[in-house]
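K.L.:
Numbering (UniProt numbering), first residue to last: 1 to 379.
So, in structure tokens, the structure goes:
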């Protein structure tokens with residue numbers, strides 16, 4: 001279906017389909033990017049306290065001369081502000097030079113200590129959400145909508161079971177190598193708009209040179225980046241953040257293509273053979289934060305393989321991981337070279353043992369070193 005210019009939030013407000021993201025934008029570059037974007041058709045600016053650039057974003061907004069009520073502004077509660085929600089909101093408003101936010105998100109369901117060196121396990125993110133709801137209800141002039149970011153299905157279920165306010169948005173990483181289709185569909189069913197961040201994967205992403213993306217880009221005579229951004233913009237109930245500090249790219253990123261269903265499927269299928277994340281949840285110290293254990297396990301296994309690999313052996317970890325019974329099963333396209341080798345892995349406080357058989361690895365969580373892994377035969 002053709003991409004629309006906006007998506008409707010559960011508050012009734014319209015949120016632009018394309019926004020300017022400011023994560024990892026260099027100091028001194030953000031203000032110009034925001035000013036230029038607003039002057040050239042952008043209607044959504046996204047930032048966060050954690051990006052340490054809210055003041056620069058505010059400078060760009062002021063310099064643009066664009067009326068505040070003509071664009072959508074999003075920022076996020078930092079991980080070390082879970083105990084001072086209202087104060088954090090006022091800090092952001094002051095830094096941005098605005099009286100209100102169109103959307104305020106909990107950046108991660110991961111409260112952290114003040115210096116952000118690790119998790120603060122004395123705080124429950126659900127209590128933080130309840131405080132955000134309280135502030136939202138008591139300050140309609142300051143907040144038009146609230147939402148979350150980096151929330152998995154289980155965390156959303158917990159929130160919905162304990163709150164009378166449904167998040168307007170869940171901002172998550174989305175690109176052809178991280179499609180999160182079940183999560184996107186869950187949000188759609190619950191009336192939660194999904195905002196896609198890192199739609200290119202990253203600035204040096206292999207997705208920009210992916211043959212499928214290049215083929216589609218050639219058909220429409222556009223840059224592969226336009227194809228990757230358009231992929232998210234073509235999904236119902238999804239909007240997307242593009243990031244650039246270069247004038248030509250800022251303008252180009254607004255060029256959304258109406259992709260065919262076949263092209264969307266081709267791009268989505270990249271995840272099956274080339275899965276990766278730009279922003280792993282485990283950086284917070286809270287583990288996987290409820291996201292796929294398979295995905296997190298795969299990253300650990302990859303690291304272990306890299307630690308024992310010999311320079312003359314080329315290996316790529318099988319991309320397909322399924323949970324079968326109590327084990328994690330990796331289906332390889334050929335007989336694993338690791339047959340018979342031992343991997344020193346850990347999942348939480350539990351060691352993992354590998355049992356290879358033909359083209360399949362079975363990794364099982366075991367309680368102690370004496371446990372025997374389930375055999376892979378017949379899988």
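Virtual Cβ for every residue (Gly too), placed ideally from N, Cα, C.
#1: Excluding five sequence neighbours on each side, which residues of the same chain lie with their C-beta closer than 6 angstroms to the C-beta of residue 35?
#2: For residue 139, is the classification buried or exposed, using 16 other Cβ atoms within 10 angstroms of its Cβ as the cut-off for buried?
#3: Along the alpha helix (DSSP H) that carries residue 72, what are the first and last residues, could you check?
#4: What residues are listed by DSSP as bridge partners for residue 46?
#5: Measuring straight from C-alpha to C-alpha, what distance separates residue 76 and residue 148?
#6: Of the choices 189, 245, 224, whose alpha-carbon is the least far from that of residue 45?
#7: DSSP three-state call for residue 125: helix, strand or coil?
#8: Can you look up residue 197 in the DSSP assignment and give me helix, strand or coil?
#9: Would you kindly work out how many angstroms separate the C-alpha atoms of residue 13 and residue 142, rounded to a whole number?
#10: DSSP three-state label for residue 14, please.
#11: Roughly how many whole angstroms lie between the Cα atoms of residue 11 and residue 217?
#12: So, under 8 angstroms CB-CB, residue 202 and residue 278 are touching, yes? Tell me the CB distance rounded to an integer number of Å.
#13: Can you tell me which of 128, 105, 156 puts its alpha carbon nearest to the alpha carbon of residue 144?
#14: Should residue 306 be labelled buried (16 or more other beta-carbon atoms within 10 Å of its own) or exposed?
#15: Taking the straight line between their C-alpha atoms, what separation do you get for residue 24 and residue 160?
#16: Would you mind reading off the limits of the beta strand (DSSP E) that contains residue 251?
#17: Roughly how many angstroms separate the alpha carbons of residue 9 and residue 260, rounded to a whole number?
#18: Could you pull out every residue in the same chain whose Cβ sits closer than 7 angstroms to the Cβ of residue 80, ignoring the five residues on either side in sequence?
#19: Looking at the secondary structure, which residues open and close the beta strand (DSSP E) in which residue 268 lies?
#20: Which partner residues of residue 8 appear in the DSSP bridge assignment?
#21: In the DSSP assignment, find the alpha helix (DSSP H) that holds residue 153 and state where it starts and stops.
#22: Suppose you measure from the CA of residue 150 to the CA of residue 110; what does that come to, to the nearest Å?
#23: Anyone know if the C-beta pair for residue 169 and residue 103 falls short of 8 angstroms?
#24: Express the C-alpha separation of residue 156 and residue 123 in angstroms, rounding to a whole number.
#25: Looking at C-alpha atoms only, which residue of 42, 28, 33 is the closest neighbour of residue 6?
#26: If you draw a straight line from the C-alpha of residue 224 to the C-alpha of residue 78, how long is it?
#27: Give me the Cβ distance between residue 199 and residue 242, rounded to the nearest whole Å; I'm assuming they're in contact under 8 angstroms.
#28: On the CB-based measure, 16 or more other CB atoms within 10 Å of its CB, does residue 19 come out buried or exposed?
#29: Using beta-carbon positions only, say whether residue 251 and residue 176 come within less than 8 angstroms of one another.
#30: Quick one: what's residue 275 bridged to in DSSP?
#31: Quick one: complete alpha helix (DSSP H) runs, 4+ long, within the region 98–144?
#32: For a minimum of 3 consecutive residues, which ranges assigned as the beta strand (DSSP E) are wholly contained in the region 161–227?
#33: What three-state label does DSSP hand residue 324 in the structure shown?
#34: For residue 58, is the classification buried or exposed, using 16 other Cβ atoms within 10 angstroms of its Cβ as the cut-off for buried?
#35: From this set, 32, 240, 28, 67, which residue's C-alpha is nearest residue 52's C-alpha?
#36: Between which two residues does the alpha helix (DSSP H) carrying residue 61 extend?
P.N.:
Short version:
#1: 60, 63, 64
#2: exposed
#3: That residue, residue 72, is in no alpha helix (DSSP H); its beta strand (DSSP E) goes 72–77.
#4: For residue 46, which the question treats as bridged, DSSP gives the partners 21, 74.
#5: 8 angstroms
#6: For residue 45, the nearest C-alpha among the options comes from 245.
#7: helix
#8: strand
#9: Each residue's alpha carbon lies about 15 angstroms from the other.
#10: Strand at residue 14.
#11: Rounded to the nearest angstrom, the two C-alpha atoms are 36 angstroms apart.
#12: 5 angstroms
#13: Minimum Cα distance to residue 144 is reached at 105.
#14: Low confidence applies to residue 306: its pLDDT is 47, below 50, so where it sits in the model is not reliable enough to give any reading.
#15: 31 angstroms
#16: From DSSP, residue 251 is part of no beta strand (DSSP E) but of the alpha helix (DSSP H) over 247–252.
#17: 25 angstroms
#18: So the qualifying residues of the chain are 112, 113, 114, 116.
#19: Looking at the DSSP string, residue 268 is not in any beta strand (DSSP E); the run it does join, the alpha helix (DSSP H), is 261–268.
#20: Bridge partners of residue 8: 14.
#21: If you look at residue 153, you'll find it in the alpha helix (DSSP H) that goes 153–161.
#22: C-alpha of residue 150 to C-alpha of residue 110: approximately 10 angstroms in a straight line.
#23: yes
#24: 17 angstroms
#25: 42
#26: The straight-line gap separating the alpha-carbon atoms of residue 224 and residue 78 is approximately 33 angstroms.
#27: 7 angstroms
#28: buried
#29: no
#30: Looking at the DSSP output, residue 275 bridges to nothing.
#31: 125–138
#32: 169–173, 193–197
#33: Because the pLDDT of residue 324 is 40, which lies under 50, any placement of that residue in the model is unreliable, and the number read from its coordinates should be weighed accordingly. Strand.
#34: buried
#35: 28
#36: 54–64
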